[in-house]
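**Q** Note that this note's numbering has the sequence shown beginning at 81, numbered continuously upward.
Heads up, the beta-carbon is just placed ideally off N, CA and C, and yes, glycines get one too.
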Amino acid sequence: MNMQMIPLSQIDVGQRLRAIDPDNAAVIAASMQEIGQMQPIEVRKAAKPKDGKLYVLVTGAHRMKAMEIAGIEEAMAIVVKASEIEAQLREIDENLCRHELNELDRSTFLAKRKEVYEALHPETKHGGDRKSDQVAELCHLIPSFTKATAEKLGLSARSIRALAARQNNIQPDLREKIARTV
81 MNMQMIPLSQ IDVGQRLRAI DPDNAAVIAA SMQEIGQMQP IEVRKAAKPK
131 DGKLYVLVTG AHRMKAMEIA GIEEAMAIVV KASEIEAQLR EIDENLCRHE
181 LNELDRSTFL AKRKEVYEAL HPETKHGGDR KSDQVAELCH LIPSFTKATA
231 EKLGLSARSI RALAARQNNI QPDLREKIAR TV
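Listed below in C-alpha cells is the structure:
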C-alpha cells in the first residue's frame, strides 16, 4: 500500500457508475473543513497520462468532490496497482458495501459486478469453458459470481441473482426516469 498526498488536479475522475450526490458531497465537505480528510481515496497510475492527469480515481468520488467544494487541493490517496477492470471491481465493491444505496443503485452495481467478475474469471461464467485441464483442476478455487458476492455481502445467492437480474429487466430510458425520482 502506497499512501501519498496527490494534487486533485492530477486525478482524472473518469466515468462513475453512480452519479455524485451534491448534497452528500456538501455534507462531507463541511466535515472536511472542520476535521480534514479522514478516509483516503484510492487511485491508480494512468496508463496514458493526459492534460496533467497522472492518476485515475478508483474509489472516493464523493470525497474528491467534497475536497473540491471545501477548497482542499491535495488528497490523501492510496495508490493501488490495478488494471482498469480490477479498478472497476474495487469501485463496485466499495459502493455495494454502503448502506445508503437504493434498490436501483444496488441492482446496477450488482449487474456491473457480475459483468466485471466474469470478465476477470471467465471460467466461472455460466456456460464458460470448463473443459480444459487447467480449468478442471482450478475451478473449485474460484467461486462463481453469485457465491463470491453472496459471501462478501452477507446475502443469499437467490437475492444476488434476483438483484443482478433486475437491472437487465428495466429498459434504459425507464431506469433513467426512476433514478431521477429516488
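How do the region 117-133 and the region 184-191 stand: do at least 3 beta-carbon pairs fall below 8 Å, yes or no?
**A** They do not touch, by the three-pair rule.
**Q** DSSP three-state call for residue 103: helix, strand or coil?
**A** As a position in the sequence shown, residue 103 is number 23, starting the count at 1. Residue 103 falls in the helix class under three-state DSSP.
**Q** In or out: residue 143 buried (at least 16 other Cβ within 10 Å) or exposed?
**A** Indexing the sequence shown from 1 puts residue 143 at position 63. It is buried - the Cβ of residue 143 has at least 16 other Cβ atoms within 10 Å.
**Q** What is the residue span of the beta strand (DSSP E) that residue 130 lies within?
**A** Within the sequence shown, residue 130 is the residue found at index 50, counting from 1. Here the beta strand (DSSP E) through residue 130 covers 121-130.
**Q** Can you tell me which residues form a DSSP beta bridge with residue 182?
**A** Here the question's residue 182 lines up with position 102 in the sequence shown. Paired residue(s): none; residue 182 is not in a bridge.
**Q** Helix, strand or coil for residue 244 per DSSP?
**A** Walking along the sequence shown from the start, residue 244 turns up at place 164. Residue state, collapsed to three classes: helix.
**Q** Name the two residues that bound the continuous alpha helix (DSSP H) containing residue 64.
**A** One cannot answer for residue 64 here, as it falls past the ends of the chain, which runs 81 to 262.
**Q** Start and end of the alpha helix (DSSP H) containing residue 167?
**A** Taking the first residue of the sequence shown as position 1, residue 167 is located at position 87. Boundaries of the alpha helix (DSSP H) around residue 167: 164-176.
**Q** Considering only C-alpha positions, which residue in the set 170, 90, 244 is nearest to residue 153?
**A** As a first step, residue 153 must be located in the sequence shown, where it is residue number 73. Nearest C-alpha to residue 153: 90.
**Q** Have a look at residue 134 and residue 181 and give me their C-alpha separation to the nearest angstrom.
**A** The residue labelled residue 134 in the question sits at position 54 within the sequence shown. The residue labelled residue 181 in the question sits at position 101 within the sequence shown. Those two C-alpha atoms are separated by around 30 Å.
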